[in-house]
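These notes concern the structure reproduced below.
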Amino acid sequence: MRKQWSESLKKLIRPILFRMFPSSSPAYHCPLCGYRGSFKDKHVRKSPQLVRVSSKCPQCTSTERHRMMHLVLGELFQDWNPSDKSVLHIAPEDCLAKDLKNRFATYHSADLFKKGVDFQEDIQKMRFPDAAYDCVLVSRVLTVPPDLEASLGEIRRILKPRGIAILAEAYTHKKTDEFGEWRNERSREVGIDLLENLESRFGRVDRYLSDRYEEENQIHNLMVEDGTPKDSYPEAVRLKGRGFMDLVVVCHA
Ligand SMILES: [Zn+2]
165 MRKQWSESLK
175 KLIRPILFRM
185 FPSSSPAYHC
195 PLCGYRGSFK
205 DKHVRKSPQL
215 VRVSSKCPQC
225 TSTERHRMMH
235 LVLGELFQDW
245 NPSDKSVLHI
255 APEDCLAKDL
265 KNRFATYHSA
275 DLFKKGVDFQ
285 EDIQKMRFPD
295 AAYDCVLVSR
305 VLTVPPDLEA
315 SLGEIRRILK
325 PRGIAILAEA
335 YTHKKTDEFG
345 EWRNERSREV
355 GIDLLENLES
365 RFGRVDRYLS
375 DRYEEENQIH
385 NLMVEDGTPK
395 DSYPEAVRLK
405 GRGFMDLVVV
415 CHA
């Protein structure tokens with residue numbers, strides 16, 4: 165209770181402080197909560213030498229990927245009406261869950277470890293029947309399960325005909341780096357070659373890169389390593405001298 169109260173207070177005070185003591189970083193606009201001002205830098209938990217510059221909105225705590233997904237969904241749903249459809253949100257993030265509940269007729273969440281979800285499921289072997297959902301949304305999950313092929317097969321299996329899978333990962337390599345072991349709560353880092361894999365499984369795979377939206381939404385991954393900008397990322401997503409673009413793919417069954 166006390167923790168909840170202090171979190172709410174922090175949420176209230178942070179944006180006020182940011183406006184009173186503006187930093188030298190540019191002013192951004194959060195499409196999720198409407199906040200305007202500086203965003204916070206964020207240390208990458210699994211690689212402490214890496215910093216994501218201007219990552220976090222001080223008002224709603226969204227990061228680049230949440231704002232990116234919000235913009236992609238807004239664009240996607242202009243043509244693909246979700247109001248009479250069902251969605252399965254795997255490893256649900258609160259700020260996206262709210263958005264999806266508002267848009268879809270049926271919203272279900274699933275996770276293997278997280279409590280409070282609708283279904284406790286392992287993405288590698290889900291208990292849903294074939295063609296159970298119109299949409300499956302998977303954001304920053306595919307680095308975790310040991311068996312990537314099984315996970316992709318399951319996502320495809322539970323999609324209805326003409327359904328869509330919305331997948332978001334950080335594509336930091338040309339070729340997926342399989343660890344062959346459980347390291348830092350992950351089994352791999354994802355490469356651009358995942359897109360070919362998806363293209364072999366789905367009828368059509370559409371790519372949404374963060375450069376299609378306004379810079380003021382700050383949806384690029386602006387990376388600094390030990391104080392120096394890092395841009396050693398695959399050409400398809402590389403931002404010269406700045407980091408890499410966020411990429412969301414929409415796979416049509
Ligand atoms: Zn925000």
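If you number the sequence shown the way the numbering used here does, the last residue is 417 and the count never jumps.
C-beta: ideal position from N, C-alpha, C; glycine also.
When the Cα atoms are used, what is the spatial distance from residue i to residue j?
i	j	result
HIS416	PHE241	14 Å
MET233	PRO212	25 Å
PRO398	TYR335	8 Å
LYS394	PRO309	27 Å
ARG216	VAL281	29 Å
LEU252	TYR271	6 Å
ARG406	ASN348	25 Å
LEU323	ILE330	11 Å
LEU306	ARG200	32 Å
ARG267	ASN245	9 Å
HIS193	PRO293	41 Å
LYS204	PRO190	11 Å
LEU403	LEU411	12 Å
MET165	PHE277	Below a pLDDT of 50, predicted positions are generally treated as unreliable, and MET165, at 49, falls in that range; the measurement from the model is reported next regardless. Taking the straight line from one Cα to the other gives about 23 Å.
PHE366	GLU318	12 Å
ARG321	GLU333	20 Å
PHE408	LEU316	24 Å
Are there 16 or more other CB atoms within 10 angstroms of the CB of residue i, so buried, or fewer, so exposed?
i	result
HIS207	exposed
ASP275	buried
ALA255	buried
PRO195	buried
GLN223	buried
ASP375	exposed
ALA295	exposed
GLU239	exposed
THR340	buried
GLN382	buried
GLY327	buried
GLU378	exposed
Can you tell me which of the three DSSP states residue i falls into?
i	result
VAL414	strand
LEU306	coil
LYS420	Any answer about residue 420 is impossible in this case: the structure gives the chain only from 165 up to 417.
MET219	The residue you asked about is not Met; residue 219 is Ser in the sequence shown. In this structure, SER219 counts as strand in the three-state DSSP scheme.
ASP286	strand
GLY355	strand
ARG209	coil
ASP370	strand
ILE333	Going by the sequence as given, residue 333 is Glu instead of Ile. In the structure shown, GLU333 sits in a strand (DSSP, three-state: E or B).
ARG321	helix
ARG350	strand
CYS224	coil
ARG365	helix
LYS338	coil
PRO263	Looking at the sequence itself, residue 263 is Asp, so the reference to Pro does not match. In this structure, ASP263 counts as helix in the three-state DSSP scheme.
Which partner residues does residue i have in the DSSP bridge list?
i	result
SER250	THR270
GLY344	According to DSSP, GLY344 bridges with nothing at all.
CYS299	VAL251 and ILE328
LYS407	The question names Lys, yet the displayed sequence has Gly at residue 407. LEU386 and LEU403.
TYR192	GLY201
HIS230	HIS230 is not bridged to any residue.
TYR377	Beta-bridge pairing links TYR377 to no other residue.
MET392	It is Thr, not Met, that sits at residue 392 in the sequence shown. Partner(s): GLU389.
LEU237	According to DSSP, which records beta bridges pairwise, LEU237 is partnered with nothing at all.
LEU214	GLU389
If contacts are defined as beta-carbon pairs under 8 Å, then residue i and residue j qualify, I think. What distance do you get, rounded to the angstrom?
i	j	result
LEU384	GLY355	According to the sequence shown, residue 384 is His rather than Leu. Between GLY355 and HIS384 the Cβ distance is about 19 Å, and since that is not below 8 Å, they are no contact.
SER219	THR227	5 Å
VAL413	LEU359	7 Å
ASP298	SER364	Contact flag wrong, Cβ pair sits at about 22 Å.
LYS289	ALA314	7 Å
CYS259	HIS230	5 Å
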